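See below for the structure under consideration.
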Amino acid sequence: AQSVTQLGSHVSVSEGALVLLRCNYSSSVPPYLFWYVQYPNQGLQLLLKYTSAATLVKGINGFEAEFKKSETSFHLTKPSAHMSDAAEYFCAVRTAYGQNFVFGPGTRLSVLP
Amino acid sequence: DAGITQSPRHKVTETGTPVTLRCHQTENHRYMYWYRQDPGHGLRLIHYSYGVKDTDKGEVSDGYSVSRSKTEDFLLTLESATSSQTSVYFCAIKGLAGGLTDTQYFGPGTRLTVL
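Going line by line, the protein sequences match chains A and B. The numbering used here runs 31 ahead of the 1-based position in the first sequence. The numbering used here runs 1 ahead of the 1-based position in the second sequence.
See below:
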């Protein structure tokens with residue numbers, strides 16, 4: 032069975048600081064991995080996805096994530112936080128042969144001025 | 002924009018009443034999903050559909066039923082709403098981006114309160 036853990040339900044960073052949101056997954060077969068962002072009172076928006084091509088994936092709004100098979104991780108980073116990055120972020124996994132997605136519990140990012 | 006709408010966007014109802022939420026898509030996607038979102042749990046799959054009249058249960062299907070009589074509509078029904086079903090409900094479709102590299106796209110959500 033697949034599962035996703037996100038370390039830290041709430042992360043605070045200062046504006047301009049590095050953003051690091053952690054995601055670890057478990058999957059018995061090669062996974063597809065996704066990061067979604069949710070702004071208040073909105074649906075989820077795809078930030079980026081890993082689909083077995085390059086291990087470093089670039090997404091929208093300056094975010095990127097690196098797939099590390101040995102660590103079963105897919106951490107999300109951004110070099111310099113902006114106030115507009117304040118939102119909730121969800122990591123999700125899907126197997127290559129499955130149709131369903133499993134989501135982590137989410138990490139709320141606060142950006143302090 | 003994946004062309005997904007949900008109705009209603011907000012609903013307040015009483016315990017024991019039936020409730021139906023509608024998800025409508027305009028792009029003929031085969032797969033459609035219903036999730037509920039609760040603090041600390043992320044999104045949990047309720048039911049999904051892989052075609053007209055083809056549905057299956059997800060992780061938290063108890064107390065919910067679904068129907069899909071047309072490609073574009075996926076209905077979620079709470080036969081007898083309970084307070085534990087107070088949540089935000091999201092519909093999603095799975096779009097194709099070549100081979101197996103498809104991705105879920107989400108609707109705007111329905112906030113349901115059961116008093």
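Glycine included, each C-beta is placed from N, C-alpha and C at the ideal position. Please read all numbers here as calculations on a predicted model, not as lab measurements.
Just list the beta strand (DSSP E) runs in the segment 8-57 of chain B, keeping only unbroken ones of 3 residues or longer that don't cross its boundaries, in chain order.
Secondary structure remark: continuous beta strand (DSSP E) runs of at least 3 residues inside the segment 8-57 of chain B, in chain order: 11-14, 20-26, 32-39 and 43-52.
Can you list the alpha helix (DSSP H) stretches of 4 or more residues lying completely in the segment 73-112 of chain A, in chain order?
Runs found: none.
Could you give the residue range of the beta strand (DSSP E) that holds Ser-141 of chain A?
Per DSSP, Ser-141 of chain A belongs to the beta strand (DSSP E) from 138-143.
Euclidean distance between Cα positions of Ser-50 of chain B and Arg-31 of chain B
Straight-line spacing of the CA atoms in Ser-50 of chain B and Arg-31 of chain B works out to 8 Å.
Using the Cα positions of Val-60 of chain A and Val-88 of chain A, report the straight-line distance between them to the nearest angstrom.
Distance between the alpha carbons of Val-60 of chain A and Val-88 of chain A: 20 Å.
Counting beta carbon pairs with one atom in the segment 48-65 of chain B and one in the segment 128-137 of chain A, are three or more of them shorter than 8 Å?
Judged by Cβ distances under 8 Å, the segment 128-137 of chain A makes contact with the segment 48-65 of chain B, as three or more pairs qualify.
Skipping 5 residues on each side, what residues in its chain have a beta carbon closer than 8 Å to that of Ser-84 of chain B?
Thr-16, Val-115 and Leu-116, listed in sequence order.
Which residues does DSSP pair with Gln-86 of chain B in a beta bridge?
None, per the DSSP bridge assignment.
Helix, strand or coil: how does DSSP classify Asp-116 of chain A here?
Here Asp-116 of chain A sits in helix by DSSP.
Phe-134 of chain A at chain B interface by Cβ criterion, 7 Å:
By this cut-off, Phe-134 of chain A is an interface position.
In chain B, which residues lie less than 8 Å from Phe-65 of chain A when you measure between Cβ atoms?
Around Phe-65 of chain A, the beta-carbon contacts reaching into chain B at under 8 Å are Thr-104 and Gln-105.
Cα-Cα, which of B:Tyr-34, B:Gly-41, B:Thr-27 and B:His-25 is closest to Ser-40 of chain A?
Among B:Tyr-34, B:Gly-41, B:Thr-27 and B:His-25, the Cα nearest to that of Ser-40 of chain A belongs to B:Gly-41.
Do Val-42 of chain A and Leu-140 of chain A have their CB atoms nearer than 7 Å?
For Val-42 of chain A and Leu-140 of chain A, yes; Cβs fall inside 7 Å.
Contact set between Tyr-65 of chain B and chain A, taken where Cβ atoms lie within less than 9 Å
The premise fails here: Tyr-65 of chain B is roughly 16 Å from chain A at the closest Cβ pair, so nothing lies under 9 Å.
Skipping 5 residues on each side, what residues in its chain have a beta carbon closer than 6 Å to that of Pro-144 of chain A?
Contacts found: Glu-46.
Compare the C-beta of Gly-41 of chain B with all C-beta atoms of chain A and state if any pair is closer than 7 Å.
Answer yes: the Cβ-Cβ gap between Gly-41 of chain B and chain A drops below 7 Å somewhere.
Of the residues A:Asn-72, A:Thr-103, A:Phe-65 and A:Ser-111, the one placed nearest Leu-49 of chain A, counting alpha carbons only
Closest option to Leu-49 of chain A, Cα to Cα, is A:Ser-111.
DSSP on Thr-72 of chain B, reduced to helix/strand/coil?
Note: Thr-72 of chain B maps to coil in three-state DSSP.
Would you identify the three-state DSSP class for Asn-55 of chain A, choosing helix, strand or coil?
Strand, per DSSP.
Contact criterion: CB-CB distance below 7 Å. Does Leu-44 of chain B meet it with respect to chain A?
Under the Cβ distance rule, Leu-44 of chain B counts among the residues neighbouring chain A, one pair being separated by less than 7 Å.
Name, please, each residue of chain B whose Cβ falls closer than 9 Å to the Cβ of Gly-137 of chain A.
The answer, in chain order, is Gln-38, Pro-40, Gly-41, His-42, Gly-43 and Leu-44.
Let's test the definition: count the other Cβ atoms within 10 Å of the Cβ of Asp-55 of chain B and tell me whether it reaches 16, buried, or not, exposed.
Its Cβ having fewer than 16 others within 10 Å, Asp-55 of chain B is exposed.
How is the beta strand (DSSP E) around Gln-105 of chain B delimited, first residue to last?
First-last of the beta strand (DSSP E) with Gln-105 of chain B: 104-107.
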